[in-house]
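This note's numbering applies: residue 62 is where the sequence shown begins, and numbers increase by one.
Cβ coordinates follow ideal geometry from the N, Cα and C atoms, glycine included.
Reading through the structure tokens given below for one structure.
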Amino acid sequence: MKTKMQVQTCGKLYLAGEYAVLSPGHAALIKNIPIYMRTEIEVADSYELDSDLFSHKASLAPDADYALIQETIQLMHDYLSLLQRPLHPFALTIRGKMEKDGRKFGLGSSGSVVVLTIKAMAAFYQLKLSSDLLFRLAAVVLLKRGDNGSMGDLACIAYEQLVYYRSFDRMAIRQRLVDTSLLEILKQDWGYEIKPIQPALPCDFLVGWTREPAISSVLINQVKAKISSSFLTQTQDEVLRLEKALLVGEKEIVKQSLEKVSCLLLQLSPAIYNEKLRALKRSSQGLDCMAKSSGAGGGDCGIALSFDSEASQILVERWQAAGIEVLYKERWDR
Ligand code: PMV
Ligand code: MG
62 MKTKMQVQTC GKLYLAGEYA VLSPGHAALI KNIPIYMRTE IEVADSYELD
112 SDLFSHKASL APDADYALIQ ETIQLMHDYL SLLQRPLHPF ALTIRGKMEK
162 DGRKFGLGSS GSVVVLTIKA MAAFYQLKLS SDLLFRLAAV VLLKRGDNGS
212 MGDLACIAYE QLVYYRSFDR MAIRQRLVDT SLLEILKQDW GYEIKPIQPA
262 LPCDFLVGWT REPAISSVLI NQVKAKISSS FLTQTQDEVL RLEKALLVGE
312 KEIVKQSLEK VSCLLLQLSP AIYNEKLRAL KRSSQGLDCM AKSSGAGGGD
362 CGIALSFDSE ASQILVERWQ AAGIEVLYKE RWDR
């Protein structure tokens, strides 16, 4: 047990494969975004939780606002007890809201806070957790809550890299949790795959923020019934094509592939490409770049890959004129 520790977790955005990845065995490419949530954990006489998301603090007594953090702590307590580690109260301070002017960015803050709490407790108890174990522990927290996501956000945030993530059957693992011990579950094969990807494609990666918050779980419930087998196979093919093209640096295939997955999302449901996201996409027209909506859509962020600096500049100007803010930009080099 250490006296005072600091850890951080990143955000994430989907490059491709959103919605399809909800079906077990389907894949997505998800990019880490280095906009961080940070936490400090230190020994205390009693549990004290303090997040800047809320105007009040909490202990471990039930508190609706802190429920996600408290359930994560509970899971870690179960895990530590199974490892026969004595528990000690701590004060946990969480900062970095992943929002501006009260509007969230949509970078996966709830997934990030779960991973953050686990990382903080691992640091506090001096547990070495691999990225994979971090992912599994975080996934168990969300499975127990009945979360309807693919867990792709957790995969990316736990690995803190651009990842290829192939989803597992969440219903089946949730079922297993009922009668299998946590330690056993953590060792089993869940059927997912997480592969870090190192793109070999020189370009600018840009994030455009619509300033319109969207709620993924609501969109998922709206769109789920429309997911056809043809959408699934076509998206899966493109995700694989895009992954390969990123790895070998085939620009034209990357552009075609992003365009195709974007088109598939456009056809899937009008709820995905709202007006701002259509403007975000339209802004790349005629430029050597490709922009698309990211994640559940209906607001939040879109992403772009741009292959020349002038194109990047024009894209950013067009975004700004459409009320889209550049939240993040990075250069990919070979
Ligand atoms: O909008 P986001 O970043 O929460 O992404 C949601 C992506 C979906 O595939 C629609 C859902 C999921 O959990 O994978
Ligand atoms: Mg979103």
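>> Whole angstroms are fine: how far does the CA of residue 251 sit from the CA of residue 167?
In response: As a first step, residue 167 must be located in the sequence shown, where it is residue number 106. As a first step, residue 251 must be located in the sequence shown, where it is residue number 190. Roughly 27 Å between the two C-alpha positions.
> Which whole-angstrom value describes the C-beta separation of residue 338 and residue 356, a residue pair presumed to lie in contact below a C-beta threshold of 8 Å?
Replying inline: Taking the first residue of the sequence shown as position 1, residue 338 is located at position 277. Taking the first residue of the sequence shown as position 1, residue 356 is located at position 295. Contact between residue 338 and residue 356 does not hold, since the beta-carbon distance rounds to 10 Å and is not under 8 Å.
> Can you list, in chain order, every residue whose CB sits closer than 5 Å to a heavy atom of ligand 1?
Replying inline: Neighbourhood of ligand 1, defined by CB distance below 5 Å to any of its heavy atoms: 79, 80, 82, 210, 211, 213, 277, 356 and 357, in chain order.
>> Does the distance between the C-beta of residue 199 and the nearest non-hydrogen atom of ligand 2 fall short of 7 Å?
In response: On the sequence shown, residue 199 is found 138 positions in, with the first residue counted as 1. Not so, every heavy atom of ligand 2 lies at least 7 Å from the Cβ.
> So, residue 172 versus residue 134, is the Cβ gap smaller than 8 Å?
Replying inline: Residue 172 sits at position 111 when you count from the first residue of the sequence shown. Residue 134 sits at position 73 when you count from the first residue of the sequence shown. With a cutoff of 8 Å on beta-carbon distance, residue 172 and residue 134 are scored as not near each other.
> Do you know how far the Cα of residue 189 is from the Cα of residue 226?
Replying inline: As a working mapping, residue 226 is identified with position 165 in the sequence shown. As a working mapping, residue 189 is identified with position 128 in the sequence shown. Between the alpha carbons of residue 226 and residue 189 lies a gap of roughly 23 Å.
>> Is residue 172 close to ligand 2? I mean its beta-carbon at under 7 Å from any heavy atom of the ligand.
In response: Here residue 172 corresponds to residue number 111 of the sequence shown, with the count starting at 1. In terms of side-chain proximity, the C-beta atom of residue 172 is found no nearer than 7 Å to any non-hydrogen atom of ligand 2.
>> So the candidates are 234, 380, 221 and 187; which of them puts its Cα closest to the Cα of residue 200?
In response: Residue 200 sits at position 139 when you count from the first residue of the sequence shown. The shortest C-alpha separation from residue 200 is found at 234.
> How big is the Cα-Cα spacing for residue 87 and residue 327?
Replying inline: For the purposes of this step, residue 87 is taken as the residue at position 26 of the sequence shown. For the purposes of this step, residue 327 is taken as the residue at position 266 of the sequence shown. Going from the Cα of residue 87 to the Cα of residue 327 covers about 19 Å.
> What residues in its chain sit with their C-beta under 7 Å from that of residue 263, if we drop five residues either side in the sequence?
Replying inline: What you label residue 263 is simply residue 202 of the sequence shown in a count that begins at 1. Annotation for residue 263: 393, 394 and 395 place their beta carbon closer than 7 Å to its own, counting only its chain and skipping 5 residues before and after.
> By the 10 Å Cβ neighbour count, where 16 or more other Cβ atoms means buried, how is residue 391 classified, buried or exposed?
Replying inline: On the sequence shown, position 330 is the one that residue 391 refers to. The residue is exposed, with fewer than 16 neighbouring Cβ atoms inside 10 Å.
> Is it true that the CB of residue 105 sits closer than 8 Å to the CB of residue 152?
Replying inline: Looking up residue 152 in the sequence shown gives position 91. Looking up residue 105 in the sequence shown gives position 44. Taking 8 Å as the cut-off, the beta carbon of residue 152 is found closer than this to the beta carbon of residue 105.
> With a cut-off of 8 Å, do at least 3 Cβ pairs link the stretch 304 to 323 to the stretch 77 to 84?
Replying inline: Enough Cβ pairs lie closer than 8 Å, so yes.
> Would you report the Cα separation of residue 144 and residue 243, rounded to the nearest angstrom?
Replying inline: Taking the sequence shown and counting its residues from 1, the one referred to as residue 144 is at position 83. Taking the sequence shown and counting its residues from 1, the one referred to as residue 243 is at position 182. If you draw a straight line from the Cα of residue 144 to the Cα of residue 243, it comes to about 11 Å.
> So who's on the other strand from residue 101, going by DSSP bridges?
Replying inline: For the purposes of this step, residue 101 is identified with residue 40 of the sequence shown, where counting begins at 1. In DSSP, residue 101 forms a bridge with 67 and 154.
> residue 93 bridges to which residues according to DSSP?
Replying inline: For the purposes of this step, residue 93 is taken as the residue at position 32 of the sequence shown. Residue 93 pairs with 73.
>> Tell me the rounded alpha-carbon separation between residue 179 and residue 89.
In response: Position 118 of the sequence shown, counted from the start, is the residue given in the question as residue 179. Position 28 of the sequence shown, counted from the start, is the residue given in the question as residue 89. Between the alpha carbons of residue 179 and residue 89 lies a distance of about 24 Å.
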